[in-house]
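*Asks:* A single structure is presented below for examination.
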Amino acid sequence: MPVFNVKHLTPKIADHCFVADNAMVMGRVTLEEGSSVWFNCLLRGDVDEIVIGKNTNIQDGTMIHCNAGEPTIVGDNVSVGHGAILHACTIKDRVLIGMGAIILDNVEIGEGSIVAAGAIVTPRTKIPPYSLVVGTPAKVVKSLDIKAQDEARVAHALKYRKLWEEFYK
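Under the numbering used here, the first residue of the sequence shown carries the number 32, and numbering increases by one thereafter.
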């Protein structure tokens, strides 16, 4: 697992995490308990901070970066689908980011939301909690059932934790 210091900033990786051998974690990055960073991902905390919450999975080929003064914060029990891009944004707890979605600067995705595969969430967009977001540019198309979404998102995130605990440890 390539872990790089940037300007004397060292990633902080909790003891019980999975980082694939070819994922790159650089600079001011915090991986909290139970999180996973899969193959071919890049987390580059060179100009500000990246925080990945508990039991959150960053799936294959995802790129996460930030801007100076604009960190990227990803909450607990979040699933970030293959090939997504997160840039200087905030993703609240229990969110599903679909494959290939792009979340741009100063976006906030409310807890329990789903961002569809391929969606592009444009800068400064605020997505309310428990929203289904689709399209280019992304728009909220409906509100989601709170209890069902919370249970589903946590179950999905824990599925990835179980996967790496069983097969990659």
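A virtual CB, placed ideally from N, CA and C, is assigned to each residue, including glycine.
These numbers come from a predicted model, not from an experiment.
Can we say the segment 53-60 touches the segment 148-168, given the rule of at least three CB pairs closer than 8 Å?
*Replies:* Not touching, per the Cβ criterion.
*Asks:* State the Cα-Cα distance for the pair glutamine 90 and phenylalanine 49, rounded to the nearest angstrom.
*Replies:* Near 11 Å, if we compare the C-alpha coordinates of phenylalanine 49 and glutamine 90.
*Asks:* Quick one: give me the first and last residue of the beta strand (DSSP E) that leucine 73 is part of.
*Replies:* Taken as a continuous stretch (DSSP letters only), the beta strand (DSSP E) holding leucine 73 covers 73-83.
*Asks:* Would you grab the beta carbon distance between glycine 201 and cysteine 97 for me? Rounded to a whole angstrom, and I think it's under 8 Å.
*Replies:* This structure cannot speak to residue 201, because the chain is shown only from 32 to 200.
*Asks:* Tell me whether histidine 187 sits in a helix, a strand or coil according to DSSP, three-state version.
*Replies:* Residue state, collapsed to three classes: helix.
*Asks:* Taking Cβ to Cβ, would you say glycine 112 is nearer than 8 Å to lysine 123?
*Replies:* No, Cβ-Cβ distance for glycine 112 and lysine 123 is not below 8 Å.
*Asks:* By DSSP, does phenylalanine 198 sit in helix, in strand, or in coil?
*Replies:* In the structure shown, phenylalanine 198 sits in a helix (DSSP, three-state: H, G or I).
*Asks:* Taking only the alpha-carbon atoms, compute the straight-line gap between threonine 103 and glycine 149 and give it to the nearest angstrom.
*Replies:* Roughly 20 Å separates the two Cα atoms.
*Asks:* So is isoleucine 177 buried or exposed if we call it buried at 16+ other beta carbons inside 10 Å?
*Replies:* It counts as exposed.
*Asks:* At the 8 Å Cβ level, is arginine 75 part of the contact set with chain D, yes or no?
*Replies:* Considering every chain present, this structure includes no chain D. It has just one protein chain.
*Asks:* Please classify arginine 192: does DSSP put it in a helix, a strand, or coil?
*Replies:* Note: arginine 192 maps to helix in three-state DSSP.
*Asks:* Return helix, strand or coil for glutamate 139, following the three-state DSSP convention.
*Replies:* Glutamate 139 falls in the strand class under three-state DSSP.
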